[in-house]
Amino acid sequence: MTIQFNDETFRGDYTFKNSQWAIDRFPFPFHEDNYMYSVNMEQHQGGPEGSVYEKRFDVDEHYVSEMKDRAQVLAEDPLRCQSLPHMTLAGWDLLELIMVSKSEDYPDLFELHRDGNHWHWINKPMGIDQRFTFMDETTLPYGPMEYITRQTQGDFAVLDQRDDNLWMDAGMVTTQADWSLDFDIGMNFFEWHAPVPKAHEMGIFVRALKFLLNVQQGSPARRLNWTMTVNPLLDTSPENYHKWGVQKTTLTPENVGQKQHLRVELQTFFRLPRSNALVFPIRCYLIALEDVVSVPKWGRRLHRVIRDLPEELATYKGFIDNRPLIVDYLSKFDDGLATSPGIWPDKDSEPPLQA
Amino acid sequence: MSAGTRKIAVTVSDVVKVNELVTRFRFVPTDGAPLPTFSGGAHVVVEMQDGDVTRLNPYSLMSDPMDQSAYTISVRRDDEGRGGSLFMHTKVKPGDQMMISYPVNLFALDLRAKKHLMIAGGIGITPFLAQIKQLAAMNGNFELHYSCRSPALGSYADELTTAHPGRVHVYFDDQKQAIDLETLLDGQPLGTHIYVCGPKGMINWVRDKASALGWPREAVHYEEFLAPQSGKPFEVKLAVSNKVITVGEHQSLLEAMEAAGVDAPYLCRGGACGQCETDVIGYDGKFIHHDHWLEDEDKASGKKIMPCVSRFEGKTLVLDR
Numbered sequence: 001m002t003i004q005f006n007d008e009t010f011r012g013d014y015t016f017k018n019s020q021w022a023i024d025r026f027p028f029p030f031h032e033d034n035y036m037y038s039v040n041m042e043q044h045q046g047g048p049e050g051s052v053y054e055k056r057f058d059v060d061e062h063y064v065s066e067m068k069d070r071a072q073v074l075a076e077d078p079l080r081c082q083s084l085p086h087m088t089l090a091g092w093d094l095l096e097l098i099m100v101s102k103s104e105d106y107p108d109l110f111e112l113h114r115d116g117n118h119w120h121w122i123n124k125p126m127g128i129d130q131r132f133t134f135m136d137e138t139t140l141p142y143g144p145m146e147y148i149t150r151q152t153q154g155d156f157a158v159l160d161q162r163d164d165n166l167w168m169d170a171g172m173v174t175t176q177a178d179w180s181l182d183f184d185i186g187m188n189f190f191e192w193h194a195p196v197p198k199a200h201e202m203g204i205f206v207r208a209l210k211f212l213l214n215v216q217q218g219s220p221a222r223r224l225n226w227t228m229t230v231n232p233l234l235d236t237s238p239e240n241y242h243k244w245g246v247q248k249t250t251l252t253p254e255n256v257g258q259k260q261h262l263r264v265e266l267q268t269f270f271r272l273p274r275s276n277a278l279v280f281p282i283r284c285y286l287i288a289l290e291d292v293v294s295v296p297k298w299g300r301r302l303h304r305v306i307r308d309l310p311e312e313l314a315t316y317k318g319f320i321d322n323r324p325l326i327v328d329y330l331s332k333f334d335d336g337l338a339t340s341p342g343i344w345p346d347k348d349s350e351p352p353l354q355a
Numbered sequence: 001m002s003a004g005t006r007k008i009a010v011t012v013s014d015v016v017k018v019n020e021l022v023t024r025f026r027f028v029p030t031d032g033a034p035l036p037t038f039s040g041g042a043h044v045v046v047e048m049q050d051g052d053v054t055r056l057n058p059y060s061l062m063s064d065p066m067d068q069s070a071y072t073i074s075v076r077r078d079d080e081g082r083g084g085s086l087f088m089h090t091k092v093k094p095g096d097q098m099m100i101s102y103p104v105n106l107f108a109l110d111l112r113a114k115k116h117l118m119i120a121g122g123i124g125i126t127p128f129l130a131q132i133k134q135l136a137a138m139n140g141n142f143e144l145h146y147s148c149r150s151p152a153l154g155s156y157a158d159e160l161t162t163a164h165p166g167r168v169h170v171y172f173d174d175q176k177q178a179i180d181l182e183t184l185l186d187g188q189p190l191g192t193h194i195y196v197c198g199p200k201g202m203i204n205w206v207r208d209k210a211s212a213l214g215w216p217r218e219a220v221h222y223e224e225f226l227a228p229q230s231g232k233p234f235e236v237k238l239a240v241s242n243k244v245i246t247v248g249e250h251q252s253l254l255e256a257m258e259a260a261g262v263d264a265p266y267l268c269r270g271g272a273c274g275q276c277e278t279d280v281i282g283y284d285g286k287f288i289h290h291d292h293w294l295e296d297e298d299k300a301s302g303k304k305i306m307p308c309v310s311r312f313e314g315k316t317l318v319l320d321r
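These protein sequence lines map, in sequence, to chains A and B. For the first sequence, full-length UniProt numbering puts the final residue at 355, and the numbers step up evenly by one. For the second sequence, full-length UniProt numbering puts the final residue at 321, and the numbers step up evenly by one.
Dropping the structure here:
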């Protein structure tokens, strides 16, 4: 299909909006009526047609505007993109992975022509036509990781693997759920996850690390994670907390449906071939609560999940103060009917909201 | 939760006798699509269809990691082994179709290193061949010390010396040449990483010496694939799948489980990667641990076994599989 790219903002006047197409394909993260941590990994080898799982790097209607927002964040704070010296090879690996994937998965939008190390990359949505020499940094306007991630939705953590651990040694992080690359750079898997409550005691990270260390070439993996964000703001960074934290106090019973967004991360994991590093793309999808509840199954389920979420998790995810307001709003879309298992909207089989 | 590895169909394009013990095999992709690039130190698991028996052996890739047209491996014939290397030497011919795994790297270069100091013994040279090609292309700083039995059995010694004069040092046992390890380790610049691949004795020698000289553990890398040892047949009860299987004399426990249709994850099949670690539910007898994955206390506890290389002697063994 040809994607119509939105002209929209993720700050200031917040003109971001999901089309019906984007709502229908939203990666709703709850497969049952409650939520607790789990490693919840699965293979990332495609998915239902049109879903966000189908392609290796999903491109949607927000692409062009998200890339403009990223450029703006980087102009104000260049430390959102960092790569330690030994990670340049991994950057080339990532550039190759994304260019090859996008040109194969979206041939109408992206083209890659290769003649040995002479590469020609065409990105039609962003109007980019670049000839360069693969593995020669001087032929690109930025380092390879920065170059390609300025053209790809989602944050990217590029993890070096050594000593049976993963190290946050490079990344492009401008659409994050309140964590900082500049703070985490050089940390290992346990260090950068230290702030997460409960999961350490549950042994989640030991198991997750063991899985990730063994993600192999040709066998990428994926999972979903989620939080809540007031206003469709991509850059919820600690660096800018003074700008967005205060917005959490602007929720009212009248505006909660429009302003409160469910924020879902499609996290994928690819082994990079030349460097043996692991790339961890974290793709953020936002949806207003009023759009969530337009799907009856999702409205019922989200109410139950948010209502019953343990207090530590609601605190960690940053919406403990607004939870009563959110639950009160969502309760109007929960008629108590049973929900079908799985994350899919099931619009044809699930009954509409009963008055 | 097995990460698993994908497989690639390949055709054998060349079989070249390197010397009396070692033969080189070149694989090209059967479908003609480019092979994945890989990182120096990676191995593939080669599937061998030997009559009714499927043999799966890991071999380090020795070709240029950037070369997507072919992979090459070198196999040392082991006349005392269970037959995998003999099968490769005697049965595999150009034109044969085989399955190999995607590359897996358990012996990667630490790219932070200011200098890569490589120590190889015998057939342990193979992963270094790919790493040296990778480093040479990146102007990396490396030095190889390669110990082998004799000039006649020194696989690739001449090629390496010619291509990298001054960086490659070869030692022949039959000429009473030996690596002066203490002096070698003493003279290295800060930021050097050591890599060792060869017989178990050599790996232990290098690790112990480096440790005694105060090298950080993280700066010493090693890889040794063990071949499963033959032994007396033994019976195992698999509790989860509710099966009783017999492990044959020349079969590994992992192979016996696979033959019974029980899925057990693996990456290296050589006691190194830890993927096939299996919990013991009950036993009456003694374990014959061969791996170097489990800690000594795990081995002594009787609670864990690595079915790729380890065996059991006794009355009963019940596993959580």
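We put the beta carbon where it would ideally sit given N, CA and C, even for glycine.
Once DSSP output is grouped into helix, strand and coil, what is the label at residue i?
i      : result
Y171/B : strand
W179/A : coil
R271/A : strand
W293/B : coil
M99/B  : strand
Q130/A : strand
M1/B   : Here the model assigns M1/B a pLDDT of 26, short of 50, so the residue's position is not dependable, and the following value carries that caveat. M1/B: coil per DSSP, three-state reduction.
P58/B  : strand
D14/B  : strand
I132/B : helix
G121/B : strand
A260/B : coil
S219/A : coil
N214/A : coil
Of all the options the options, which has the alpha carbon lying nearest to the alpha carbon of residue i?
i      : options                        : result
G245/A : L233/A, P253/A, P341/A         : L233/A
V279/A : V215/A, H303/A, N225/A, D291/A : V215/A
R76/B  : P94/B, M66/B, N57/B            : N57/B
N117/A : D93/A, F134/A, T139/A          : F134/A
P34/B  : P65/B, V53/B, A42/B, D52/B     : P65/B
G166/B : L144/B, S155/B, W215/B         : L144/B
G270/B : V309/B, K303/B, I281/B, L254/B : V309/B
How big is the Cα-Cα spacing for residue i and residue j?
i      : j      : result
Y102/B : Y53/A  : 23 Å
P29/A  : K114/B : 44 Å
A199/A : Y37/A  : 7 Å
S83/A  : V59/A  : 25 Å
P151/B : A157/B : 8 Å
D173/B : Q251/B : 34 Å
F26/A  : Y71/B  : 42 Å
D77/A  : S237/A : 11 Å
D69/A  : M126/A : 13 Å
M228/A : L294/B : 43 Å
D335/A : L353/A : 7 Å
D178/A : T149/A : 19 Å
N141/B : A194/A : 36 Å
D50/B  : P144/A : 46 Å
R82/B  : R321/B : 25 Å
Y14/A  : I185/A : 30 Å
G41/B  : D348/A : 52 Å
I194/B : V230/A : 51 Å
L21/B  : L153/B : 7 Å
According to the neighbour-count rule (16 or more other Cβ atoms, all chains shown, within 10 Å of its Cβ), is residue i buried or exposed?
i      : result
V16/B  : exposed
E49/A  : exposed
F183/A : exposed
Q161/A : buried
F190/A : exposed
D291/B : buried
L79/A  : exposed
M67/A  : buried
S301/B : exposed
A3/B   : Caution applies to A3/B, whose pLDDT of 36 falls short of 50 and renders its modelled position unreliable; the value that the coordinates give is listed next. Flag for A3/B reads buried.
P310/A : exposed
Who pairs with residue i in a beta bridge, going by DSSP?
i      : result
V244/B : K237/B
N188/A : W167/A
P281/A : F156/A
M48/B  : R55/B
Say the cut is 8 Å; is the CB of residue i nearer than that to a heavy atom of the ligand ZN?
i      : result
I282/A : You won't find the ligand ZN in this model; it holds no ligand whatsoever.
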